[in-house]
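**Student:**
Residue numbers (the numbering used here): 66 to 186.
#1: What residues in its chain sit with their C-beta under 7 Å from that of residue 128, if we drop five residues either side in the sequence?
#2: What three-state label does DSSP hand residue 124 in the structure shown?
#3: How many Å lie between residue 170 and residue 177 at the Cα?
#4: Beta-carbon separation of residue 100 and residue 139 under 8 Å?
#5: Residues in its own chain within less than 8 Å of residue 105 by CB, not counting five upstream and five downstream?
#6: Leaving out five residues on either side along the sequence, give the residues of the same chain with a beta carbon under 7 Å from the beta carbon of residue 74.
#7: How many Å lie between residue 27 and residue 76 at the Cα?
#8: Quick check on residue 133: does DSSP put it in helix, strand or coil?
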């Protein structure tokens, strides 16, 4: 079973003149519309309390490229909106030796970094 859960609070880059938040939202929407999934998923991109937030939830029996697709989206967001921050959780029981183990990624300062120790592991 594959599970992907992601939450990102999207902030503009330092250069707000050339990359306003509505333009960032349009770029992300365009990217999301070009993505293909072969399982049930939920992707939400909207303003909450004046903050642009992305939420993703995917559950599938097998990985048909969804992990790579979501990671590429996250890297794209880090590139166009370097002030963004959040977390990405990936659980793939087919490839994990430890049952109920998550891969956890921290999104901050324009980077996505895998965390070695996490409370859910």
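All residues carry an ideal CB built from backbone N, CA and C; glycine is no exception.
**Tutor:** So, to answer that:
#1: 67, 157
#2: Residue 124: strand per DSSP, three-state reduction.
#3: 6 Å
#4: Result no, Cβ atoms of residue 100 and residue 139 do not sit closer than 8 Å.
#5: 123, 124, 125
#6: Answer for residue 74: 116, 118, 149, 150, 151, listed in chain order.
#7: Because the chain in this structure spans residues 66 to 186, residue 27 falls outside the shown range and cannot be described.
#8: helix
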